[in-house]
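S.K.: If you use the numbering used here, the sequence shown corresponds to residues 80 to 347, in order. Cβ atoms here follow ideal geometry from the backbone N, Cα and C, with glycine treated the same way. Attaching a single structure in structure tokens format; questions to follow.
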Amino acid sequence: MEVINLIEAIKDDRREVFREMVAEEGIRKSLSSLSEIIGCRAYFTIDGEGNIKRKPMNYTLLLGAFSRNQEKLGDMFFELANPVERVKHKKIERLSREDLGKLNRNFFKILANGNVDFAKRYAKELYLRDREGFFKKLFHYTLMEEMDSQKALMALALKKLIWDEYDDNIMNAAMTYLATVRSDFRVYEEVKGTSGVSKEKVLAAIENLKAGGSKEELNLLAYLRVLGEYSYTNEGKFIEIAQKRLEEISQGRKTEANYYEIEIIKGL
């Protein structure tokens, strides 16, 4: 469905258009159609008076990837669509002449610098040449990031949505979030990775987290899912980060999850 038709449906408060789209086109095609109206132009702003505003992630891609409540997806997509923040997407151009080694070496740097256009081009090229290698690289990067950035969650959703079939619009939406939200490696830099806790021990917490109802549990659950996907360099640091979050949660440092977050937790 054309995005302009979806915008008109939102203006006219016709959520049935979204229900019909999901029923007729399926989840992936629906997300592809929605891709321009499920993000933000900027997730961090500061004005001349020093007032800071941070915008949260739009959960549409995550719900499409993980929600088990398929009958309600059309309604949730309608509720979360935001034409005011529309970001028009162009086809992601390839970097087919670039050496694969160079792409891998520079990918982290491109993401950390917030170069959105190049991040998307690097991601597409890496995916098309070495899909498994691309996701291992992307997952590694999100583990270095501050857990509550929810970048691990977005990376997981991206893998689930395009693993079997590439979609330029979904890649556009996911990589725009991953590159636009400012990188924060402070926790990663502070930990030593010498806690002695095993990877198996922290991963064993997954089932308990799936019964949780807090934003912190959602973010840790995604982090652990990513940690469990591959073996990584500096893995001890990621284990220590996860263990610290587990301890904080056990001490009651939790924020109640909203309806959409609960839906995602159930499917992770």
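Three or more beta-carbon pairs under 8 Å between the stretch 139 to 154 and the stretch 168 to 177, yes or no?
M.R.: Short answer: they don't touch.
S.K.: Who does residue 124 pair with in a DSSP beta bridge?
M.R.: Residue 124 sits at position 45 when you count from the first residue of the sequence shown. Its beta-bridge partners are 132.
S.K.: Measuring straight from C-alpha to C-alpha, what distance separates residue 103 and residue 82?
M.R.: Along the sequence shown, read from residue 1 onward, the residue named residue 103 stands at position 24. Along the sequence shown, read from residue 1 onward, the residue named residue 82 stands at position 3. In a straight line, the C-alpha of residue 103 is about 16 Å away from that of residue 82.
S.K.: According to DSSP, is residue 244 helix, strand or coil?
M.R.: Locating residue 244 in the sequence shown gives position 165, counting from the first residue. Coil, per DSSP.
S.K.: Please work out which residues of its chain come closer than 6 Å, Cβ to Cβ, to residue 264, disregarding the five sequence neighbours upstream and downstream, and give them in chain order.
M.R.: To locate residue 264, count along the sequence shown from 1; it is residue 185. So the list reads 223, once near-sequence residues are dropped.
S.K.: Around the C-beta of residue 245, are 16 or more other C-beta atoms found within 10 angstroms, so that it is buried, or is it exposed?
M.R.: Start at 1 with the first residue of the sequence shown, and residue 245 comes out as number 166. Per the 10 Å Cβ criterion, exposed.
S.K.: Give me the residue from 114, 298, 193, 314 with the minimum Cα distance to residue 272.
M.R.: Numbered from 1 along the sequence shown, position 193 holds the residue referred to as residue 272. Out of 114, 298, 193, 314, 314 has the C-alpha closest to the C-alpha of residue 272.
S.K.: On the DSSP bridge assignment, give the partners of residue 293 in chain order.
M.R.: Your numbering for residue 293 matches position 214 in the sequence shown. Partner(s): 335.
S.K.: In whole angstroms, give me the CA-to-CA distance for residue 329 and residue 284.
M.R.: Here residue 329 refers to the residue found at position 250 when the sequence shown is read from its first residue. Here residue 284 refers to the residue found at position 205 when the sequence shown is read from its first residue. Approximately 11 Å, taken between the alpha carbons.
S.K.: Report the rounded CA-to-CA distance for residue 123 versus residue 108, giving the unit in angstroms.
M.R.: Within the sequence shown, residue 123 is the residue found at index 44, counting from 1. Within the sequence shown, residue 108 is the residue found at index 29, counting from 1. About 29 Å.
S.K.: If you run the structure through DSSP and keep just helix, strand and coil, what is residue 201?
M.R.: Your numbering for residue 201 matches position 122 in the sequence shown. Here residue 201 sits in helix by DSSP.
S.K.: Report the residue from 333, 310, 162 whose alpha carbon sits nearest the alpha carbon of residue 295.
M.R.: Residue 295 sits at position 216 when you count from the first residue of the sequence shown. The shortest Cα separation from residue 295 among 333, 310, 162 belongs to 333.
S.K.: Applying the 10 Å Cβ sphere with the 16-neighbour rule, what's the burial state of residue 251?
M.R.: On the sequence shown, position 172 is the one that residue 251 refers to. It counts as buried.
S.K.: Does the stretch 296 to 310 touch the stretch 225 to 244, meaning 3 or more C-beta pairs lie closer than 8 Å?
M.R.: Yes, the stretch 225 to 244 is in contact with the stretch 296 to 310.
S.K.: Any idea if residue 216 is buried or exposed, counting beta-carbon neighbours within 10 angstroms, 16 or more meaning buried?
M.R.: Mapped onto the sequence shown, residue 216 falls at position 137. By the 10 Å Cβ count, residue 216 comes out buried.
S.K.: Identify which residue in 239, 173, 308, 90 has its Cα closest to the Cα of residue 163.
M.R.: In the sequence shown, residue 163 corresponds to position 84, counting from 1. Per the Cα distances, 90.
S.K.: Is it a yes or a no for the stretch 90 to 101 touching the stretch 144 to 161, going by three-plus beta-carbon pairs under 8 Å?
M.R.: The stretch 90 to 101 vs the stretch 144 to 161: in contact.
S.K.: Would you tell me roughly how many angstroms separate the C-alpha atoms of residue 183 and residue 92, rounded to the nearest one?
M.R.: The count along the sequence shown starts at 1 and reaches residue 183 at position 104. The count along the sequence shown starts at 1 and reaches residue 92 at position 13. Cα to Cα, residue 183 sits roughly 45 Å from residue 92.
S.K.: With a Cβ-Cβ cutoff of 7 Å, do residue 320 and residue 270 count as a contact?
M.R.: Within the sequence shown, numbered from 1, the residue matching residue 320 stands at position 241. Within the sequence shown, numbered from 1, the residue matching residue 270 stands at position 191. In this structure, residue 270 lies closer than 7 Å to residue 320 by Cβ.
S.K.: Spatial neighbours of residue 133 within its chain, please: C-beta separation below 6 Å, excluding the five flanking residues on both sides.
M.R.: For the purposes of this step, residue 133 is identified with residue 54 of the sequence shown, where counting begins at 1. Excluding sequence neighbours, residue 133 sits near 123.
S.K.: Where in the stretch 146 to 217 do unbroken runs of the alpha helix (DSSP H), each at least 4 residues long, occur, reported from the N-terminal end onward?
M.R.: Counting whole runs of 4 or more residues, the stretch 146 to 217 contains the alpha helix (DSSP H) stretches 152 to 159, 179 to 191, 195 to 208.
S.K.: Using a Cβ-Cβ distance cut-off of 7 Å, determine whether residue 203 contacts chain D.
M.R.: Checking the listed chains, one finds no chain D in this structure; it contains a single protein chain.
S.K.: In angstroms, rounded to a whole number, what distance separates the CA positions of residue 116 and residue 337?
M.R.: Within the sequence shown, numbered from 1, the residue matching residue 116 stands at position 37. Within the sequence shown, numbered from 1, the residue matching residue 337 stands at position 258. If you take the alpha carbons of residue 116 and residue 337, they lie about 21 Å apart.
S.K.: Tell me which residue opens and which closes the alpha helix (DSSP H) that residue 268 is part of.
M.R.: Residue numbering aside, residue 268 sits at position 189 when the sequence shown is read from its first letter. Residues 265 to 269.
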